[in-house]
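Quick note, this note's numbering runs 1053 ahead of the 1-based positions in the sequence shown.
Glycine is no exception: its CB is placed at the ideal position from the N, C-alpha and C atoms.
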Amino acid sequence: MDLYFEASSLYYGSDLTERTPQDQWPDSDSPVWILGNELCARNDIAELNSEVLSRLLFTYRKEFSEIDGSGYTSDSGWGCMLRCGQMVLGEALQRISLGRDWKWDHKVDNEVDEDLKGKYLKILNLFQDSKVAPYSIHQIALMGESIQSKKPVGTWFGPNTVAQVLKKLSFFEKTVPIRLHVAMDNTVIIDEIKESCGFVGGDSEKPLLLFIPLRLGLTEINPIYFQDLKECFEFPQILGVIGGRPNHALYFIGYVDNELIYLDPHISTQSASSTVDTFGGPQDQTHHTERAYRMDFKDLDPSLSLCFLCRNESEFEDMCERFLFKLIRGHNSPLFEICRQRPEHLMPLPLSSSLNSDLPNAVPEEVKCAKDFVEVKRALDTSDEEFEIL
């Protein structure tokens, strides 16, 4: 039996019935959307399994080096949202370096370009369970502890917290060409993102990984948001959604009918003892699975984060137009707002002195203030998600 299949069979902490890669898809003609790619559950089983298999899977690991004197040598029970954050960032880096159509399959090792193998392994090793890896469980946990005293190592993170921590870590990893932005207050502010990513022309342009943390209900998700969440999975820029159930984080990569499709980090496997240096080798295989799981939209926790990747300004403006026409215009309760400049009632953020006031205006005029802003009190947010800038 293949090692990646053995690892994924160690399903941990779920009340769902085990499915094989062959029967995990519904027997219907309904479209299945996986990260912006439309397939058919009845006719495209092999393609669907390949889509799932090609995503990077980061799960609970055991027997890694101790996290800086904390006593923790495993993240089982607390690291699920940290692993979901790794999966989102890993998907972004794969898409930047390898392209959206990249397919991982250890059985066709000889058919994969050596340059692509090298790029892939470089990405994978950014997340290995060692303090020297820039996006390891060690670095994420320690950064969370350093910027928020209420998040010591071993504490469960919410979707906003992991987004903020990854953003902080990205400042220190100069070899990875990406800019992380967390859109606070349910608001995407175009000019600030463009300035941050260098989307004003020249050689400084960097791809954007955009997190939009949201709370779509008090204790249960409001059904009025289901259709808009489905729309998000159809965007070419979508990287997925991180959320799940209370204290049970999942990485959502698509949907079919009224069910979300997700990868589950609640699988405990042995930590790799060293860097992964062989494409398709035993250590590499533990980061992939054909197994995806499904969950009804109504069971989704209201606290979540939408995740998008824009590799350049053109993709960013296309995404903003999709936000406007698919998610905001004509919606009484949109998922979030979009504005060209920061509204006066929101706390200002420091911008560099190089901000160009003559930014390109290709985004439709309506985007400049797509909807009147209403200041929302956050008193009812749960304690694990402060929704603040860290």
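- For the 8 Å CB-CB criterion, histidine 1301 and cysteine 1137 do not form a contact.
- Take valine 1218, set aside five residues on each side of it, and the residues of its chain with a beta-carbon closer than 6 Å to its own are Ile1193, Met1196, Gly1197, in chain order.
- Secondary structure at lysine 1115: strand, using DSSP grouped into helix, strand and coil.
- Shown here, asparagine 1102 sits in a helix according to DSSP, grouped into three states.
- Note that the region 1360–1374 does not touch the region 1311–1319; fewer than 3 beta-carbon pairs, one per stretch, sit closer than 8 Å.
- Secondary structure note for proline 1266: it is in no alpha helix (DSSP H), and the uninterrupted beta strand (DSSP E) holding it is 1261–1268.
- Remark: C-beta atoms of isoleucine 1149 and isoleucine 1200 do not approach each other more closely than 8 Å.
- When DSSP reads this structure, serine 1127 sits in a beta bridge with Lys1115.
- Sixteen is the threshold: when 16 or more other Cβ atoms of the shown chains lie within 10 Å of the Cβ of phenylalanine 1305, as they do, the residue is buried.
- If you draw a straight line from the Cα of aspartate 1166 to the Cα of leucine 1088, it is about 24 Å long.
- Taken through DSSP and simplified to helix, strand or coil, proline 1396 comes out as coil.
- In the three-state reduction of the DSSP assignment, leucine 1195 falls in the helix class.
- For leucine 1357, the enclosing beta strand (DSSP E) covers residues 1356–1363.
- Among the bridge pairs identified by DSSP, tryptophan 1086 is matched with Glu1091, Tyr1308.
- Annotation for isoleucine 1291: Leu1088, Gly1089, Cys1285, Phe1361 place their beta carbon closer than 7 Å to its own, counting only its chain and skipping 5 residues before and after.
- Beyond the five residues adjoining it in sequence on each side, methionine 1348 comes within less than 7 Å, by CB distance, of Glu1312, Leu1313, Tyr1315 in the same chain, given in chain order.
- Within its own chain, the residues whose Cβ lies closer than 8 Å to the Cβ of glycine 1296, once the five positions on either side in sequence are excluded, are Pro1212, Ala1302, Leu1303, Phe1305, Leu1353, Asp1354, Ser1356, Leu1357, Ser1358, listed in chain order.
- Annotated as distal: leucine 1267 and leucine 1233, with beta-carbon spacing of 8 Å or more.
- The beta carbon of serine 1123 sits closer than 6 Å to the beta carbons of Val1206 from its chain, once the five residues preceding and following it are set aside; these are given in chain order.
- In terms of Cβ geometry, histidine 1159 and aspartate 1330 do not form a close pair [threshold 8 Å].
- Between the C-alpha atoms of arginine 1108 and isoleucine 1243 there is a straight-line separation of about 29 Å.
- The Cβ-Cβ distance between leucine 1169 and leucine 1151 falls below 8 Å.
- If you compare the alpha carbons of Lys1220, Glu1144, Gly1293, Phe1225 with that of leucine 1177, the shortest gap goes to Glu1144.
- Looking from the CA of glutamate 1366, the closest CA among Val1185, Thr1228, Ser1249, Leu1110 belongs to Ser1249.
- The Cβ atoms of alanine 1236 and isoleucine 1265 sit closer than 8 Å to each other.
- In this structure, the beta-carbon distance from serine 1324 to aspartate 1182 falls below 8 Å.
- For serine 1321, same chain residues with a beta-carbon under 6 Å away, outside a window of 5 residues either side, are Tyr1065, Tyr1113, Lys1115, Ser1129 in chain order.
- Contact check for leucine 1106 and leucine 1092: beta-carbon distance about 14 Å, past the 8 Å limit, so the pair fails to qualify.
- Where aspartate 1154 is concerned, there is no enclosing alpha helix (DSSP H), because DSSP gives it neither an H nor an E.
- Where methionine 1372 is concerned, the enclosing alpha helix (DSSP H) starts and stops at 1366–1375.
- In this structure, the alpha-carbon of alanine 1345 lies about 8 Å from that of aspartate 1317.
- Distance from the CA atom of phenylalanine 1225 to the CA atom of threonine 1240, rounded to whole angstroms, is 26 Å.
- For glycine 1171, there is no enclosing beta strand (DSSP E); the enclosing alpha helix (DSSP H) has its first and last residue at 1167–1178.
- Contact annotation, glycine 1293 with valine 1141: C-beta distance approximately 6 Å; criterion of less than 8 Å satisfied.
- In this structure glutamate 1245 is buried. Its beta-carbon is surrounded by 16 or more other beta-carbon atoms within 10 angstroms.
- The beta-carbon distance between phenylalanine 1111 and phenylalanine 1210, rounded to whole angstroms, is 14 Å. This is too long to meet the 8 Å contact definition.
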